[in-house]
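S.K.: Positions in the sequence shown are counted from 1; adding 1 to them yields our numbering. In this text, a Cβ means the ideal position worked out from N, Cα and C, and glycines have one as well.
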Amino acid sequence: MSGSKLGGFISKVSRSFFGKRMIIAKSRKDLDRMREVGELIAEVREAVREMIAPGVTTLELNEAAAKMMNDAGARPAFLNYQPSGMTPFPFVICASVNEQVVHGFSNEKPLQEGDILSVDMAAFYNGFVGDTAMTVAIGEVGEEVAQLIRVTEECLMLGIEQCRPNNRVGDIGAAIQKHAERYNYGIVRDYTGHGIGRSMHEAPQIANYGRPGTKEKIRAGYCFAIEPMLNMGTHETKTLDDKWTVITADGKPSAHCEHTIAVTPEGPEILTLSKKQKAALKQTKSETIAA
Ligand code: MG
2 MSGSKLGGFI
12 SKVSRSFFGK
22 RMIIAKSRKD
32 LDRMREVGEL
42 IAEVREAVRE
52 MIAPGVTTLE
62 LNEAAAKMMN
72 DAGARPAFLN
82 YQPSGMTPFP
92 FVICASVNEQ
102 VVHGFSNEKP
112 LQEGDILSVD
122 MAAFYNGFVG
132 DTAMTVAIGE
142 VGEEVAQLIR
152 VTEECLMLGI
162 EQCRPNNRVG
172 DIGAAIQKHA
182 ERYNYGIVRD
192 YTGHGIGRSM
202 HEAPQIANYG
212 RPGTKEKIRA
222 GYCFAIEPML
232 NMGTHETKTL
242 DDKWTVITAD
252 GKPSAHCEHT
262 IAVTPEGPEI
272 LTLSKKQKAA
282 LKQTKSETIA
292 A
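Written as structure tokens, this is what we have:
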């Protein structure tokens, strides 16, 4: 499992330093900023989700996301991102269709009924970063593909559930792996989740596989980007000639979803929820308590 890269972007150089870096616990004030940028990027994600339909191009989605971030006073974190030895990433969003896993380029090709599209996006606001991704079906898709998306979302939530004080980072990967393997999906190993804060990529590296009770201890104040990437077939990937777009080695579809979360004394708090999603969650919680 050597040579893992972060789900977002990371160079070989940063990777070698990565293991030695400290996990940064956020102050109360930092967490408020993380909440702000989390909600901001979630609103952009949900607006992009609403736009996705047959006939729409990923370039249109990219431009819409750019405008929304700009209007909100946020700076896109992916645009011109350049790990050493790489060319700058040329778009605001990563738009990865079907067998594309991550880091896909936006283009003028209309999305087609039956396709799936993974959209990953991140922004800086008030000095902090929010990072989120979703996979969306274009119109009607086959049951097999719909299940891949659903299970990836379930894996995300199971991983998040492990983000509690005194658990370990290996618990997150173990929960994701257990659920994904139930469906025989390939778990992408070359890219991982990560700590997040003032930088898009902080320690620790958070693999989507692992053993319970291993790796770093989780503490209140840590912020993580959890991002399972599941393939219908093999876990192996390759990179296209554009040096960025990652595809599955066997050409089968791949799904990716991501939230930025904060570890609180009570457990995980998902930071990348829209206002509407937060209201719905609050409603569910109060109903649960009432019942
Ligand atoms: Mg990420």
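1) DSSP has Glu203 in a bridge; who is on the other side?
2) Going by other Cβ atoms of all chains shown within 10 Å of its Cβ, with 16 needed for buried, is Thr215 buried or exposed?
3) Which residue from Cys224, Arg190, Asn185 puts its Cα closest to that of Tyr204?
4) Do Ala250 and Thr265 have their C-beta atoms closer together than 8 Å?
5) What residues in its chain sit with their C-beta under 6 Å from that of Ala78, if we drop five residues either side in the sequence?
6) Work out the CA separation of Glu145 and Val189 for me, nearest whole Å.
7) Taking 7 Å as the cut-off, is the beta-carbon of Ala78 closer than that to any non-hydrogen atom of the ligand MG?
8) Tell me, to the nearest whole angstrom, how far the beta carbon of Ile53 is from that of Leu149; I am working on the premise that it is less than 8 Å.
9) Helix or strand or just coil, what does DSSP make of Ile248?
10) Between which residues of its own chain and Ala281 is the CB-CB distance below 6 Å, once the five residues before and five after are set aside?
11) Say whether chain B places a C-beta atom closer than 8 Å to the C-beta of Ile94.
12) Just to confirm the assignment, what range does the alpha helix (DSSP H) spanning Gly268 have?
13) Identify, in the order they occur along the chain, each residue of the same chain with its Cβ nearer than 6 Å to the Cβ of Glu270, setting aside the five sequence neighbours on each side.
14) Quick check on the DSSP output: the alpha helix (DSSP H) that includes Thr58 runs from which residue to which?
15) Pull up the CB-CB distance for Pro229 and Gly160, whole angstroms please, since I reckon it's below 8 Å.
16) Am I right that Leu272 and Arg36 are in contact with their C-beta atoms under 8 Å? What's the rounded C-beta distance?
17) Where Gly174 and Phe106 are concerned, what is the direct C-alpha to C-alpha distance, given to the nearest angstrom?
18) Apart from the five residues on each side of it in sequence, which residues of its chain come closer than 6 Å, Cβ to Cβ, to Arg16?
19) Helix or strand or just coil, what does DSSP make of Ser119?
20) Classify Lys239 as helix, strand or coil using the three-state DSSP reduction.
21) In the structure shown, what three-state DSSP assignment does His180 receive?
22) Helix, strand or coil: how does DSSP classify Ile139 here?
23) Quick one, which of Gly56, Met69, Thr235, Arg22 has its alpha-carbon nearest Gly187's?
24) In chain order, which continuous runs of the beta strand (DSSP E) of length 3 or greater are located wholly inside the stretch 78 to 132?
25) By how many angstroms is the C-alpha of Arg76 removed from the C-alpha of Met70?
M.R.: In brief:
1) As a first step, residue 203 must be located in the sequence shown, where it is residue number 202. Looking at the DSSP assignment, Glu203 forms a beta bridge with Gly196.
2) As a position in the sequence shown, residue 215 is number 214, starting the count at 1. Exposed, because fewer than 16 other Cβ atoms sit within 10 Å of the Cβ of Thr215.
3) On the sequence shown, residue 204 is found 203 positions in, with the first residue counted as 1. With the sequence shown as reference, residue 204 is identified as Ala, and Tyr is not the correct amino acid for it. Ranking the options by Cα distance to Ala204, first place goes to Cys224.
4) Position 249 of the sequence shown, counted from the first residue, corresponds to residue 250. Position 264 of the sequence shown, counted from the first residue, corresponds to residue 265. Taking 8 Å as the Cβ cut-off, Ala250 and Thr265 do not qualify as a contacting pair.
5) Position 77 of the sequence shown, counted from the start, is the residue given in the question as residue 78. Closer than 6 Å at the Cβ level, and outside the excluded window around Ala78, lie Ala123, Ala124, Phe125, Val130, Met201.
6) Position 188 of the sequence shown, counted from the start, is the residue given in the question as residue 189. Position 144 of the sequence shown, counted from the start, is the residue given in the question as residue 145. Using only the alpha carbons, I get a separation of about 18 Å.
7) If you number the sequence shown from 1, residue 78 lands on position 77. Every heavy atom of the ligand MG is 7 Å or more from the Cβ of Ala78, so no.
8) For the purposes of this step, residue 53 is identified with residue 52 of the sequence shown, where counting begins at 1. For the purposes of this step, residue 149 is identified with residue 148 of the sequence shown, where counting begins at 1. Not a contact, Cβ separation roughly 17 Å.
9) Residue 248 sits at position 247 when you count from the first residue of the sequence shown. Of the three classes helix, strand and coil, the one that applies to Ile248 here is strand, per DSSP.
10) Position 280 of the sequence shown, counting from 1, holds the residue named residue 281. Cβ within range, chain order: n/a, list empty.
11) Chain labels in this structure do not include chain B; a single protein chain is all it has.
12) Position 267 of the sequence shown, counted from the first residue, corresponds to residue 268. Here Gly268 belongs to no alpha helix (DSSP H); instead the beta strand (DSSP E) covers 268 to 271.
13) Locating residue 270 in the sequence shown gives position 269, where the first residue counts as 1. So the list reads Ala263, once near-sequence residues are dropped.
14) Counted from its first residue, the sequence shown places residue 58 at position 57. That residue, Thr58, is in no alpha helix (DSSP H); it is neither H nor E in DSSP.
15) Reading the sequence shown from its first residue, position 228 is the one you call residue 229. Reading the sequence shown from its first residue, position 159 is the one you call residue 160. 6 Å between Cβ atoms; contact.
16) The residue labelled residue 272 in the question sits at position 271 within the sequence shown. The residue labelled residue 36 in the question sits at position 35 within the sequence shown. Leu272 to Arg36, Cβ: 6 Å. Contact.
17) Start at 1 with the first residue of the sequence shown, and residue 174 comes out as number 173. Start at 1 with the first residue of the sequence shown, and residue 106 comes out as number 105. So the alpha carbons of these two residues sit roughly 28 Å apart.
18) In the sequence shown, residue 16 corresponds to position 15, counting from 1. Only weak support exists for where Arg16 lies, its pLDDT of 46 falling under 50; the value from the coordinates is given anyway. Correct list: empty, nothing qualifies.
19) As a position in the sequence shown, residue 119 is number 118, starting the count at 1. DSSP places Ser119 in strand when its eight states are reduced to three.
20) The residue labelled residue 239 in the question sits at position 238 within the sequence shown. Strand, per DSSP.
21) To locate residue 180, count along the sequence shown from 1; it is residue 179. Helix.
22) Locating residue 139 in the sequence shown gives position 138, where the first residue counts as 1. Of the three classes helix, strand and coil, the one that applies to Ile139 here is coil, per DSSP.
23) One-based indexing of the sequence shown puts residue 187 at position 186. Nearest C-alpha to Gly187: Thr235.
24) 95 to 98, 101 to 103, 117 to 126
25) Taking the first residue of the sequence shown as position 1, residue 70 is located at position 69. Taking the first residue of the sequence shown as position 1, residue 76 is located at position 75. Approximately 6 Å between the Cα atoms of the pair.
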